[in-house]
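Encoded as structure tokens, the structure appears first; notes follow it.
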Amino acid sequence: MCGICGRTDDPAATAVKAMNAAMVHRGPDDQGIHTDAEAGISIGARRLSVIDVEHGHQPLANEDGTIWAALNGEIYNHPALKAMLRERGHRLATGTDTEVLVHLYEDYGPDLVYALEGMFAFAIWDSRNGSLLVARDRFGEKPLFYSSEGGQLAFASELTVLAAGTELSGDLDPAAVDEYFVYGYLPGERSILSGARQLPPGHLMRWSAGGELELRRYWHPPSPSGAGAESTEDLVGELRRLLETSVRSRLIADVPLGVFLSGGVDSTLIAALAARESSGAIKTFTVGYDVGEVSETDVARATARELGSEHHELILPQEEVARRVPAVLSAMDQPLADQSLPAFHAIAEFAREDVTVAVGGEGADELFGGYPRYRWLARAERIGGVVPKPLAALGSRALAGALPAGRSRRLADVLAPREAMERQLDWIAGPRTALRGSLYGPRLAGASSRAQPVAELERACEAADGSVAGRFMLLDQVHWLPGDVLTKADRASMQISLEVRTPYLNHELAEFAATVSPDLHTSGKGKVLLRLLLAELLPDSSRRRPKTAFRVPAAEWLRGPLAPVLRDQVDSGCTYEEGWIDRTAASTLLEEHLRGDADRSEALWSLLAFGLWLDRLRGRDGIA
Amino acid sequence: MASPETRVLLVTPDFPPAKGGIQLLLERLIENAPGLRTRVLTLGQEGATEFDRDAGLDVRRVARADGDRRIAALRLNAQTLREAATFRPDVILSGHVVASLAAISLRRALRTPFVQYVHADEFRVRARLSAAAVRRADATIAVSAYTREMALAAGARPERVNVIHPGVDLPAAVPAAREEEPTLLTVATLLFRYKGHDVMTRALPLIRAQVPEARWIVVGDGPFRPAIESAIEAYGLGGSVELLGRVSDSERNEWLDRASVFCMPSRLPADGLGGEGFGIVYLEAAAHGMPSLGGNVAGARDAVLDGETGLLVDPTDHLALAAAATRLLAEPELARKMGAAARRHAEAHAWPLIAAKVEALLHEVASGRVPPAV
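Chains A and B supply the protein sequences, listed in that same order. Going by our numbering, the first residue of the first sequence is number 1, and it counts up by one from there. Going by our numbering, the first residue of the second sequence is number 1, and it counts up by one from there.
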């Protein structure tokens, strides 16, 4: 866990000190800086102690002090790596996972990434040849931002931390702002600030003293192939072997550890396997709400009983929402419009009272075909293949007019003849995309073309050539998962110094999932293999009502405790003053929602998250 | 000891011209057992007439129901009863447990003794039938110590289970020198996950980090090919892997002569049963003087002598696999030494030697003596 930073032109470590100071929340237990005065480079680290609490000071070096490393995250296979390194004659001085980096680097150079299983962003300074290597884990669980100017490189775990140690102007990148309003998150390499970029998942970057910067993709999720002739039984057997190994490796910690339990298939399966691996009762944590119909505390409680876990339940009351939501959204380093972010933050904070590490079910939907959208998109494609376009369009219009919202609206959409990628965009971006034209202010003029996001999505899954479901599962793995799901998990947990671990995001498991036919993954209610394994482990739990997603009563919150915050935003927020969003259009949208004429939560939430974040960036965070 | 009168009815669903380990094993056995009078009862298949004519073997074939292996197996067993009446064998050799039903009946009705061959996967796929076969057989031939363990676990009497490894065709000469370029070779049908192409893919970047010119040649085809291609693409290994698909015997032999290390890190299937019964292909690589890299589980432990004819590692551990492959590629003298030992290991498995063991066992069973366990 922790945060890292560095700069290649910082001989007095002035910038790195400032960056370390800006990320105390990521690592409250310790901090360290290594400066190579001759080369003029400094790297810094803050640490939340999870493994070898006593000796984990970072950055640390190899035997002769020529190679230095700083790590944010966890290398889960570090015990095996250490055994291997010792066998080869390396002398290891600490029990930390960071230390394997310097020795692996001695043996493999930048290709050491292929030896690592875990969530990580790290930096390695090699004084022998004056090169700096930074790398990010395969799925993008741990963040890394960088800026490069005049042949020099600066990097940091969060964007605001990078800004604290560089001359970034604070200008927003209009293309990134547009992306944010389309997707609700920042996918890919862009960051919201001009001049700063994100190192994409599965990439490494090498800076050399001459000022050269080399970016290389070392891994990406395999395109689902749907090969093989194995029985479902054999597939479940292989899944079990891999998931058990993954869970076991993620339970290694020298501090207390718990499991986020929603009651859905993903987290229940993880909790069930964790319970089998643990000698005592495991601790489980669930969040619920006092409004709306999305609370799932009953299901989680029943599951916890069946597991015999020490269960902790948090109800997030409406009055708490008014305080927590603005605090959490404004503290983000980049805006994120995921409505469940504050709830994730609340459950993380609640769990932090008892544990330092929590295990969650992130990634299961994307790897194992959980989202209903995969099935709908496949249906739409099939219909497009057999029904002539005019006929399909007619059917779509008739359905849309004749039936109430919900399933029939989706059916109507499926019938409408369109490219699959456009359809996907509408389904992930919801009503936000449609509103871009009317909501955008002068600063975003001309940014609301439809073609660009579609092209971006096409690029993101260019390697896929399988079925429709497989193509969009892959897209989610490289786009939505790092951009939204994992950003939420990292930032929400880091704000309160809790480490979140994700057993599904093990690359061997992901590679296995890609060998299973997407049609099998998405058949029935989706996640077929996970359901079958759960039925083996906890027969009662698998029969309970299925959970759909980690949802919050956003529409109710926006009409209730968050309404004044939004009103303040529209009246005096920087978003409107700087001309990003049109004040009148936003006001109309808000009033429509408050009157109950329409559910505008998707768009309003993205305005709220952006507005609170921008005000904080501009030093006006007293708005809540 | 040789008794030309010993009449053996070999019943098997698997026999040439179809390709495969069991097919080759049974064909070579009867070709190399002059002391037996063997009649083969097997299933009809494409090209069978020409094969039977050219091979000069006594082969009877049962028409196979289209694609349905169960009905084919029933027909095979039914025909065994008829064939036994006319051929009057001294002993029945059941090449696969699916052929054991009739053998069990004949043993009970006519007291014709029978010997059961076991390979490994049948204990997983047909557990009950396998248990019945090895419990009732007068002797069982297990192709490896691993398969013997499975037979014992299924209830076979230890003194009746004999380990006789498969044999190998020895090429006339091993190449004087192998290709300079460090090449890893895998030869396997792309049908089973347990063969370890996934773990090899993970290991290759680490191997190449230390032996940059290393490349991986994959011979074989099957339904897993798209998955392997997808993984290779995910690791950015396109330039260093060649998926050759199915190749001719001569091209295959050429690769066995050229490549540096044979790699097939077979693991146990997820349920812990089956997997590599022996792994004849390790022995074929050995016959060409090539060291092997295999998994330290199942039959590969007999096929590859760890530290002598190759290296065995935890087949789920790509780090260990990479380290072992790197060692063999980076230390040519070690690879050469192991290759030479491998050739000697293969020579000890020449078909005439293996067939003699089987022949001796069949004579003993036919003469009513309880054979000692090997």
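C-beta: ideal position from N, C-alpha, C; glycine also.
Put residue i into one of helix, strand or coil per three-state DSSP.
i         : result
Ser-266/B : coil
His-34/A  : strand
Leu-403/A : For Leu-403/A, the predicted model reports a pLDDT of 48, less than 50, meaning its position is unreliable; a value from the coordinates is still stated below. Coil at Leu-403/A, not helix or strand.
Gln-116/B : strand
Ser-100/B : helix
Lys-19/B  : coil
Gly-483/A : helix
Ala-373/B : Its pLDDT being 48, under 50, Ala-373/B is placed unreliably by the model, and nothing is read from it.
Asp-298/A : helix
Gln-318/A : helix
Thr-6/B   : coil
Asn-703/A : The first residue shown for chain A is 1 and the last is 624, placing residue 703/A beyond what the model contains.
Arg-382/A : helix
Asp-234/A : helix
Gly-207/B : According to the sequence shown, residue 207/B is Ile rather than Gly. Three-state result, Ile-207/B: helix.
Met-119/A : strand
Can you give the Cα-Cα distance for residue i and residue j, rounded to whole angstroms?
i         : j         : result
Ile-347/A : Asp-484/A : 18 angstroms
Val-236/A : Phe-181/A : 39 angstroms
Ala-340/B : Met-290/B : 8 angstroms
Gly-361/A : Leu-293/B : 37 angstroms
Val-565/A : Ser-497/A : 27 angstroms
Glu-46/B  : Val-516/A : 32 angstroms
Ser-94/B  : Leu-328/B : 40 angstroms
Glu-320/A : Val-265/A : 29 angstroms
Pro-113/B : Val-59/B  : 21 angstroms
Glu-591/A : Ser-601/A : 12 angstroms
Ile-104/B : Ala-151/B : 16 angstroms
His-521/A : Glu-117/A : 24 angstroms
Ala-12/A  : Ala-188/B : 59 angstroms
Ala-304/A : Asp-178/A : 42 angstroms
Thr-284/A : Ala-351/A : 9 angstroms
Leu-243/B : His-479/A : 30 angstroms
Arg-202/B : Ala-586/A : 51 angstroms
Ser-169/A : Leu-48/A  : 30 angstroms
Gly-619/A : Arg-491/A : 20 angstroms
Pro-16/B  : Thr-49/B  : 11 angstroms
Ala-330/B : Arg-208/B : 11 angstroms
Sort out for me which residues DSSP pairs residue i with in a bridge.
i         : result
Trp-68/A  : Ala-61/A, Trp-125/A
Met-205/A : Val-134/A, Leu-215/A
Trp-216/B : Leu-184/B, Val-241/B
Gly-295/B : Val-313/B
Gln-339/A : Note: Gln-339/A sits in no beta bridge, so no partner.
Phe-285/A : Phe-260/A, His-312/A
Val-24/A  : According to DSSP, which records beta bridges pairwise, Val-24/A is partnered with nothing at all.
Ile-4/A   : Ala-45/A
Ala-350/B : Val-168/B
Ala-358/A : Gly-258/A, Val-500/A
Leu-329/A : DSSP lists no partner for Leu-329/A.
Leu-193/A : Leu-172/A
Is residue i near the ligand FAD - that is, is its Cβ less than 7 angstroms away from at least one heavy atom of it?
i         : result
Ser-267/A : For the structure depicted, the ligand FAD is absent and the ligand set is empty, with no information on it obtainable.
_Tell me whether the region 74 to 86 of chain A and the region 301 to 321 of chain B touch, counting them as touching only if at least three CB pairs, one residue from each stretch, are closer than 8 angstroms._
yes
*Along the chain, which unbroken stretches of the alpha helix (DSSP H) at least 4 residues long are found entirely within the region 499 to 577 of chain A?*
507 to 514, 518 to 522, 528 to 537, 539 to 543, 554 to 559, 563 to 572, 574 to 577
*Contact between the region 253 to 266 of chain A and the region 240 to 257 of chain B (3+ Cβ pairs under 8 angstroms)*: no
*Which runs of the beta strand (DSSP E) spanning at least 3 residues fall entirely within the region 128 to 189 of chain A, listed in chain order?*
131 to 136, 145 to 149, 152 to 156
_Contact the region 603 to 620 of chain A vs the region 568 to 575 of chain A: 3+ CB pairs below 8 angstroms_ = yes
*Within the chosen definition, does the region 228 to 246 of chain B reach the region 163 to 172 of chain B through at least 3 CB pairs nearer than 8 angstroms?*
no
_Check whether the region 184 to 200 of chain B and the region 220 to 233 of chain B touch, using three or more Cβ-Cβ pairs below 8 angstroms as the test._
yes
*Report yes or no: do three or more beta-carbon pairs, one from the region 504 to 518 of chain A and one from the region 365 to 373 of chain A, lie closer than 8 angstroms?*
yes
*asked:* For the pair the region 109 to 116 of chain A and the region 175 to 192 of chain A, tell me if three or more CB-CB distances fall below 8 angstroms.
replied: no
_Given 8 angstroms, three or more beta-carbon pairs between the region 122 to 138 of chain B and the region 264 to 277 of chain B_ = yes
*Determine, using beta-carbon pairs with one atom in the region 321 to 336 of chain B and one in the region 348 to 366 of chain B, whether at least three such pairs fall under 8 angstroms.*
no
*Those runs of the beta strand (DSSP E) which lie wholly inside the region 16 to 78 of chain B and span at least 3 residues*: 37 to 43, 59 to 62
*Inter-stretch contact at 8 angstroms, needing at least 3 Cβ pairs: the region 241 to 257 of chain A / the region 369 to 383 of chain A*: no
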